[in-house]
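Q:
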Amino acid sequence: MNLSTTYSGLHLKNPIIAASSGLTDSVEKIIDLEKQGAAAVVLKSLFEEEIIAEMDSKMKQMASTGFIYPETLDYYDKPENDEEESALKYLKLIKDAKAAVNIPIIASINCVSSKNWTYFPRQIEEAGADALELNLFVLPTDFSRESADNENVYFEIICEVLKHVKIPVSIKISFYFSNLGSMVQRLARTGIKGIVLFNRFYSPDIDIDKMQVTSGFVLSNPAELALSLRWTAIMSDRINCDIAASTGVHSGEDMIKQLLAGAKAVQIASTLYKNYAGQIETMLNELKEWMQSKEFNSIEEFRGKLAQKNIKNPAAYERIQFMKNFRGYRG
């Protein structure tokens, strides 16, 4: 039985990618994920702010009288407190992970602008990363900006990064667009190799006893599958890059649904936090059993069979009113 697939220019032994999280921030954890069956790993994200802060620090060092060539951006000195800086640690993690495992290592940068940091993807490529994922999201809370201004940020970032690297670049986006389908198509035409639908955000909550704003809803739940499932199915084969489904994928059944909708792969994190790395093997066994029951020998035999453009009633993915479903509902 062939569980292999391709995503973002990478050959994967199965469709499960360990998503960027605290579970992918060390070589030891990555080794364990590979042993459990993960086909690829997205490293925990390095934030744009971290890159810029460290670049500013280095620029100040290079501008001192002790440096003959202050324009040498590749210079790295040992930090005075003997602690490795985030960017240095990240490059080392890439190198060490590549030496320790045989699955693709996908670097990740969480970014909100195209300024001052886009030289760094080249160093990520030189460190040995197989691909780069850009986690993009601009929260539209600046009411003085038009929607087009917010959208242009995405294209500026992608354009700048693609200038610096040859490895496949994918993006992880949200659903906060006035015309999501059109935006996904436009993004897919930039030269990226993959799109992850959708990223998960920090979500605020309120502690009514302490009267404080807190962090809440950190992990996804299976009920959140519907949003990415709908848009994976709608966009499948309507863009010229691969789709990876994320958020709400907690079981083998969830993964099968996303593959039927047209996803090339799924990214999982919350289910690993809840069920540990052994959940990967469980999900793969569920996939194998289902494929055997349906007499499928490979994923490509059924991938996208239930994408919107392949079903008799395409409106099934577009209907958003509840009236028909709730009529006569008794609970």
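For the sequence shown, the numbering used here gives the first residue as 13, with consecutive numbering after it.
Note that CB positions come from ideal geometry on N, CA and C, so glycine has one too.
(1) Return yes when the Cβ of Ala-257 is within less than 8 Å of the Cβ of Ala-275, no when it is not.
(2) Please determine, among Thr-259, Asn-297, Gly-203 and Asn-26, the residue with the shortest C-alpha to C-alpha distance to Ser-282.
(3) What three-state label does DSSP hand Cys-253 in the structure shown?
(4) For Asp-142 and Glu-307, I'd like the C-alpha separation in whole angstroms.
(5) According to the Cβ coordinates, are Ser-126 and Ile-169 closer than 8 Å?
(6) Determine whether the Cβ of Asn-164 lies closer than 8 Å to any Cβ atom of chain C.
(7) Give me the Cα-Cα distance between Ala-50 and Lys-110, rounded to the nearest whole angstrom.
(8) Compute the Euclidean distance between the alpha carbons of Tyr-188 and Val-196, then round it to the nearest angstrom.
(9) Under three-state DSSP, which class holds Gln-106?
(10) What are the start and end residues of the beta strand (DSSP E) that includes Val-278?
(11) In terms of residues, what are the limits of the alpha helix (DSSP H) holding Ile-246?
(12) Thinking just about the alpha-carbon of each residue, which of Lys-104, Met-267 and Ser-227 is nearest to the one in Glu-301?
(13) Distance check for Val-181 and Glu-330, CA to CA, integer angstroms please.
(14) Excluding sequence positions up to five away, which residues of its chain have a Cβ less than 6 Å from the Cβ of Lys-324?
(15) Quick check: the region 307-320 against the region 284-295, are at least 3 beta-carbon pairs closer than 8 Å?
(16) Can the beta-carbon of Leu-241 be found closer than 8 Å to that of Ala-273?
(17) In this structure, does DSSP put Ala-31 in helix, strand or coil?
(18) Taking Gly-21 as the reference, give the member of Lys-47, Glu-145 and Ala-139 with the closest Cα.
(19) List the residues that DSSP assigns as beta-bridge partners of Cys-123.
(20) Over what stretch of residues does the alpha helix (DSSP H) that includes Thr-184 continue unbroken?
(21) Quick one: what's Ala-52 bridged to in DSSP?
(22) List the residues that DSSP assigns as beta-bridge partners of Ala-143.
(23) For Gly-403, which residues of its own chain have a beta-carbon under 8 Å away from its beta-carbon, when the five flanking residues on both sides are left out?
(24) Does the distance between the C-beta of Lys-101 and the nearest non-hydrogen atom of the ligand ZN fall short of 7 Å?
(25) Alpha carbon to alpha carbon, how far is Ala-1 from Leu-199?
(26) Comparing alpha-carbon positions, which option in Glu-163, Ala-139 and Leu-58 lies nearest Ser-190?
(27) Look up Val-208 in the DSSP assignment and give the residues it is bridged to.
A: A quick look at the data gives this:
(1) Cβ atoms of Ala-275 and Ala-257: closer than 8 Å.
(2) The residue with the shortest Cα to Cα distance from Ser-282 is Thr-259.
(3) DSSP places Cys-253 in coil when its eight states are reduced to three.
(4) Near 33 Å, if we compare the C-alpha coordinates of Glu-307 and Asp-142.
(5) Cβ distance < 8 Å, so Ser-126 and Ile-169 count as in contact.
(6) Of the protein chains in the structure, only one exists, and it is not chain C.
(7) Rounded to whole angstroms, the separation of the alpha carbons of Lys-110 and Ala-50 is 15 Å.
(8) The alpha-carbon separation between Tyr-188 and Val-196 amounts to approximately 11 Å.
(9) It should be pointed out that residue 106 corresponds to Ile in this sequence rather than to Gln. Ile-106: helix per DSSP, three-state reduction.
(10) The continuous beta strand (DSSP E) containing Val-278 extends over residues 277-280.
(11) First-last of the alpha helix (DSSP H) with Ile-246: 237-247.
(12) When C-alpha distances from Glu-301 are compared across Lys-104, Met-267 and Ser-227, the shortest belongs to Met-267.
(13) When rounded, the distance between both Cα atoms is 30 Å.
(14) Non-local C-beta neighbours of Lys-324 in its own chain, meaning closer than 6 Å and more than five positions away in sequence, are absent.
(15) Contact fails: fewer than three Cβ-Cβ distances are below 8 Å.
(16) With a cutoff of 8 Å on beta-carbon distance, Leu-241 and Ala-273 are scored as near each other.
(17) Note: Ala-31 maps to coil in three-state DSSP.
(18) If we check each option's Cα against that of Gly-21, Glu-145 comes out closest.
(19) Cys-123 is bridged to Leu-148.
(20) Residue 184 is actually Lys in this sequence, not Thr. That residue, Lys-184, is in no alpha helix (DSSP H); its beta strand (DSSP E) goes 181-185.
(21) Within the DSSP bridge table, the entry for Ala-52 names Ile-29 as partners.
(22) Ile-118, per the DSSP bridge assignment.
(23) This structure cannot settle anything about residue 403, because the visible part of the chain is limited to 13 through 343.
(24) Absent from the structure shown: the ligand ZN. Ligands present: none.
(25) The structure shown does not extend to residue 1, since the chain is modelled only from 13 through 343, so no value can be given for it.
(26) Considering only alpha carbons, the answer is Glu-163.
(27) Val-208 pairs with Lys-184 and Ala-256.
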